[in-house]
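Mapping to the numbering used here: the sequence shown position 37 is 39, numbers consecutive. Cβ atoms here follow ideal geometry from the backbone N, Cα and C, with glycine treated the same way.
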Amino acid sequence: MKLLILEDDRFIRDEIETYFKIKGHEVSGYENADELFDDMNLENYDILLLDINLPGFNGFDTLKELRKFNINTPVIFITSMSEIDYVKEAYSLGCNDYIRKPFYFEELELRINKLLLKNSSSNIIVLNNTYKFDITKLELIDNEDNEIELSKNEKNLIFLLIKNAPHIVSYDTIIEYVWQAKPINSNTLRTQIKKLRAKLKHNFIINIRGSGYKIEKYD
Numbered sequence: 003m004k005l006l007i008l009e010d011d012r013f014i015r016d017e018i019e020t021y022f023k024i025k026g027h028e029v030s031g032y033e034n035a036d037e038l039f040d041d042m043n044l045e046n047y048d049i050l051l052l053d054i055n056l057p058g059f060n061g062f063d064t065l066k067e068l069r070k071f072n073i074n075t076p077v078i079f080i081t082s083m084s085e086i087d088y089v090k091e092a093y094s095l096g097c098n099d100y101i102r103k104p105f106y107f108e109e110l111e112l113r114i115n116k117l118l119l120k121n122s123s124s125n126i127i128v129l130n131n132t133y134k135f136d137i138t139k140l141e142l143i144d145n146e147d148n149e150i151e152l153s154k155n156e157k158n159l160i161f162l163l164i165k166n167a168p169h170i171v172s173y174d175t176i177i178e179y180v181w182q183a184k185p186i187n188s189n190t191l192r193t194q195i196k197k198l199r200a201k202l203k204h205n206f207i208i209n210i211r212g213s214g215y216k217i218e219k220y221d
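Rendered as structure tokens:
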């Protein structure tokens, strides 16, 4: 899972980043909206966490701009502003959730998982009737309940394919999501897929020649 945090309080931002990185997720933290909009891969995040009370371009303005550019990634506002008028405005602008400071990181994690699971009846996704993938823990389990050891890139790759299943994910989209701004080519992707498949007794990653990869999920 890839998280983006827009929070001008460095302590809070660093604490959230640390919590989710320990969980194995990738996190990008920004202090202001100018820094955020310099990110060329905004559409590749799974959740956006936005503070409201920011200097200059506030959280509400930021969300308006994101939606204007058709970035429809789920947004959770994290804020000390608890008045009902702020809550109403947040939801009217299209946020998906609203959490008041101070909060427990576990509560924030639960709210994030709820958004990620809204199109699924369970956090356990069955792949090709041979494996189970826990999208909150990023764990791949075989039919004998053995966990398959995965690298961070492999976890993110499977997560991306699950998010888009059963649709095809293009080579370029996979490269941008998994490797972000690192200069790699399609050969690196093919090598990564080959290494991942070598760990699987039953392959569930389908190559659509000339287009990309996809999986079938059964949940």
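>> Using only the alpha-carbon positions, how far apart do Gly-58 and Ser-213 sit?
In response: Answer to the nearest angstrom: the Cα atoms are 42 Å apart.
> At what residues does the alpha helix (DSSP H) containing Gly-61 begin and finish?
Replying inline: 61–70
> Mapping DSSP to helix, strand and coil, what is Thr-75?
Replying inline: coil
>> Using a Cβ distance threshold of 8 Å, determine whether the stretch 137–151 contacts the stretch 58–69, with at least three qualifying pairs required.
In response: Per the Cβ contact rule, the stretch 137–151 is not in contact with the stretch 58–69 (fewer than 3 Cβ pairs under 8 Å).
> Would you report the Cα separation of Ile-217 and His-27, rounded to the nearest angstrom?
Replying inline: 21 Å
>> What does DSSP give as the partner residue(s) for Asp-144 in the beta ladder?
In response: Tyr-133
> Are the stretch 163–177 and the stretch 196–204 in contact at 8 Å, needing three or more beta carbon pairs?
Replying inline: no
>> Rounded to the nearest angstrom, what separates Lys-66 and Ile-78 at their Cα positions?
In response: 14 Å
>> For Val-171, list the residues DSSP reports as bridge partners.
In response: Tyr-215
>> Within a Cβ cutoff of 6 Å, which residues of the same chain sit near Lys-103, ignoring the five residues on either side of it in sequence?
In response: Only Ser-82 meet the Cβ criterion.
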